[in-house]
Amino acid sequence: MSGEAIKKRTQETANKLFGKGIRMDPPYLMWKEFDKDLANDFSMFITGNLYSRTVLTMPERQMVACAMLAAIRARDELRLHVNAALNVGCEAKKLAEVFFQVATYAGMPAVNEALEVYRDVLKDRGEWPIT
Numbered sequence: 075m076s077g078e079a080i081k082k083r084t085q086e087t088a089n090k091l092f093g094k095g096i097r098m099d100p101p102y103l104m105w106k107e108f109d110k111d112l113a114n115d116f117s118m119f120i121t122g123n124l125y126s127r128t129v130l131t132m133p134e135r136q137m138v139a140c141a142m143l144a145a146i147r148a149r150d151e152l153r154l155h156v157n158a159a160l161n162v163g164c165e166a167k168k169l170a171e172v173f174f175q176v177a178t179y180a181g182m183p184a185v186n187e188a189l190e191v192y193r194d195v196l197k198d199r200g201e202w203p204i205t
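Throughout the sequence shown, residue numbering follows the working numbering, covering 75 to 205 in sequence.
In structure tokens:
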């Protein structure tokens with residue numbers, strides 16, 4: 075795939091994931107402060123290659139990302155990906171269920187933090203409470 079094609083795919087995928095909802099700076103902006111070229115390489119790999127694959131749907135991929143981020147208690151990244159999950163059509167109740175499933179592997183403190191982040195994102199988007 076040409077450099078321009080992967081750049082276009084990266085932008086399209088990023089817009090689907092992060093183009094609406096809460097406003098926060100993506101990690102990409104911080105990466106660029108340290109190394110612009112490496113930031114672009116990471117972005118094109120993560121968003122242009124990995125997140126644009128079709129083996130998993132975008133909602134499935136985001137549910138996986140949210141579960142992992144909840145388990146490692148990465149609140150800021152979780153906030154970003156919860157918003158992305160909602161942007162690509164994850165059902166609110168299913169995403170909540172994903173967070174409860176985390177209890178088995180990461181414990182209730184991780185679940186509580188994830189649900190708190192999730193609720194805050196839903197409030198920011200004007201989608202709280204879920205029905």
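No residue lacks a Cβ here, since even glycine has one placed at the ideal position from N, Cα and C. Since the model is a prediction, treat every value here as computed from it, not as a measurement.
Taking C-beta to C-beta, are Cys-79 and Thr-121 nearer than 7 angstroms? Per the sequence shown, residue 79 should be read as Ala rather than Cys. Pairing Ala-79 with Thr-121 gives a Cβ-Cβ distance that is not under 7 angstroms.
Where are the alpha helix (DSSP H) runs, 4 residues long or more, that stay fully inside the region 101-182, in chain order? Listed in chain order, the complete alpha helix (DSSP H) runs (minimum 4 residues) inside the region 101-182 are 101-108, 110-117, 132-145, 149-161, 166-175 and 177-180.
Can we say the region 195-203 touches the region 154-163, given the rule of at least three CB pairs closer than 8 angstroms? At 8 angstroms Cβ cutoff, the stretches touch.
Within 10 angstroms of the Cβ of Leu-169, are there 16 or more other Cβ atoms? Answer buried if so, exposed if not. In summary, Leu-169 is buried, with 16 or more beta-carbon neighbours lying within 10 Å of its beta-carbon over all protein chains present.
Evaluate Tyr-179 with the Cβ neighbour count: other Cβ atoms within 10 Å of its Cβ, from every protein chain shown; 16 or more gives buried, anything less gives exposed. Classification for Tyr-179: exposed.
Within the same chain, show all residues whose beta-carbon is closer than 7 angstroms to that of Ala-184, passing over the 5 residues directly before and after it, in chain order. The answer, listed in chain order, is Ala-144, Ala-145, Arg-147 and Val-176.
What separation, rounded to the nearest whole angstrom, lies between the Cα atoms of Pro-203 and Met-132? Spanning the two alpha carbons is a distance of roughly 24 angstroms.
What number of angstroms, rounded off, separates the C-alpha of Lys-94 from the C-alpha of Asn-161? Distance between Lys-94 and Asn-161, taken at the CA atoms: about 7 angstroms.
Distance between Glu-165 and Met-104 (C-alpha atoms, nearest Å): Distance between the alpha carbons of Met-104 and Glu-165 is about 30 angstroms.
Sorted by chain position, which residues of the same chain lie with C-beta nearer than 7 angstroms to Glu-191's C-beta, five sequence neighbours on each side aside? Here residue 191 turns out to be Val, not Glu, going by the sequence shown. Residues of the same chain with a CB within less than 7 angstroms of the CB of Val-191, apart from the 5 flanking positions on each side, are Arg-149, Leu-152, Arg-153 and Val-156 in chain order.
Ala-113 versus Glu-107 - alpha carbon distance: Answer to the nearest angstrom: the Cα atoms are 9 angstroms apart.
Would DSSP call Ile-96 helix, strand or coil? Three-state DSSP puts Ile-96 in coil, outside helix and strand.
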